[in-house]
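Just below is one structure, and these are the notes that go with it.
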Amino acid sequence: MKSVLFGPSYSVYVRIAKIVLAEKGVAYDQAEFDVFDRNDWPADWPQRHPFGKVPAFEHDGFRLYETRAITRYIDEAFDGPALQPASPQGRARVEQVISVLDGHGYRPMVWEIYVERVSRGKTGESDEAVIAAALPKAELCLAALADVLGEGDHFGGAGFGLADAHAAPIFDYFVKAPEGQTLLKAQPALAAWWARVGGRASVCRACERENAS
Ligand SMILES: N[C@@H](CCC(=O)N[C@@H](CS)C(=O)NCC(=O)O)C(=O)O
Numbered sequence: 572m573k574s575v576l577f578g579p580s581y582s583v584y585v586r587i588a589k590i591v592l593a594e595k596g597v598a599y600d601q602a603e604f605d606v607f608d609r610n611d612w613p614a615d616w617p618q619r620h621p622f623g624k625v626p627a628f629e630h631d632g633f634r635l636y637e638t639r640a641i642t643r644y645i646d647e648a649f650d651g652p653a654l655q656p657a658s659p660q661g662r663a664r665v666e667q668v669i670s671v672l673d674g675h676g677y678r679p680m681v682w683e684i685y686v687e688r689v690s691r692g693k694t695g696e697s698d699e700a701v702i703a704a705a706l707p708k709a710e711l712c713l714a715a716l717a718d719v720l721g722e723g724d725h726f727g728g729a730g731f732g733l734a735d736a737h738a739a740p741i742f743d744y745f746v747k748a749p750e751g752q753t754l755l756k757a758q759p760a761l762a763a764w765w766a767r768v769g770g771r772a773s774v775c776r777a778c779e780r781e782n783a784s
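Taking the working numbering, the leading residue of the sequence shown gets 572, the next gets one more, and so forth.
The following block contains the structure:
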């Protein structure tokens, strides 16, 4: 039963899938290419992913795109620890957190803060107006996530799960920016969550670092 994950290891969304595959102990091949370089796309990429994004996944001929569908499928189709809570409330919280991250977190935290400050900063091209406009959006997102986390160790349940995996690569990039560090420190429960989750082996490997950030 062959599994293939398509997409580059620098991608937040590819990393999410890699974390889930690792947590489930699934053996797979990775087909890497640069999604931002159309010349590097596999010839059939528009058929595999009509929106030209990454990742896509294939398991024994079953083709899938959209990360939340991929991670849920991996959790349900493979053996290994359950990565979704048993209760309807817990599962609803997981969906809520993933929606918040996709809809309100990814763009300000990764593109408008990390990429602007760290990546574009290397060549002195950071757009301060973009960063300034993103800060309250990231702050609101962190407050919403902290609210859902409450006193818990993980989003939606007692153990590490799909929402933690979804959040981890976003936070990994976000805290590389000083603004990310500052905003995270203002949410102590979330900072404690990141200290736990950021040091997990699956997260460290997917985010290409040796230990906790
Ligand atoms: N809704 C998609 C979003 C995936 C996504 O935005 N991937 C980024 C890389 S992290 C991408 O493919 N970007 C290429 C582009 O926007 O051209 C999912 O959940 O899989």
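Cβ atoms here follow ideal geometry from the backbone N, Cα and C, with glycine treated the same way.
Since we're looking at a predicted model, the values are computed, not measured.
Original post:
What residue from Glu647, Arg609, Ser580 has the CA that sits closest to leucine 733's CA?
Top reply: It is Glu647.
Original post:
In whole angstroms, what separates the C-alpha of alanine 748 from that of valine 575?
Top reply: Valine 575 has its alpha-carbon roughly 32 angstroms from the corresponding atom of alanine 748.
Original post:
With contact counted as at least three CB pairs below 8 angstroms, one residue from each stretch, are the region 604 to 617 and the region 658 to 676 in contact?
Top reply: Fewer than three Cβ pairs drawn from the region 604 to 617 and the region 658 to 676 lie within less than 8 angstroms of each other, which leaves the two stretches out of contact.
Original post:
How far does the beta strand (DSSP E) with aspartate 650 in it reach, from first residue to last?
Top reply: Premise fails: aspartate 650 is in no beta strand (DSSP E) and is neither H nor E.
Original post:
From valine 774 to tryptophan 682, what does the alpha carbon distance come to, in whole angstroms?
Top reply: So the two alpha carbons sit approximately 20 angstroms from each other.
Original post:
Can you find at least 3 beta carbon pairs, one from the region 651 to 662 and one from the region 698 to 715, that sit closer than 8 angstroms?
Top reply: No contact exists between the region 651 to 662 and the region 698 to 715.
**OP:** Measure the C-alpha to C-alpha separation of glycine 623 and alanine 739 and round it to an integer number of angstroms.
**Re:** Their Cα atoms are separated by approximately 23 angstroms.
Original post:
DSSP three-state call for serine 658: helix, strand or coil?
Top reply: Coil, per DSSP.
**OP:** Please classify glycine 632: is it buried, with 16 or more other beta-carbons within 10 angstroms of its beta-carbon, or exposed?
**Re:** Classification for glycine 632: exposed.
Subject >> Proximity test, threonine 638 beta-carbon vs ligand 1 heavy atom, cut-off 7 angstroms >> reply: For ligand 1, a non-hydrogen atom lies closer than 7 angstroms to the CB of threonine 638.
Original post:
Buried or exposed: serine 582, going by 16 or more other Cβ atoms within 10 Å of its Cβ?
Top reply: When all chains shown are included, serine 582 counts as buried.
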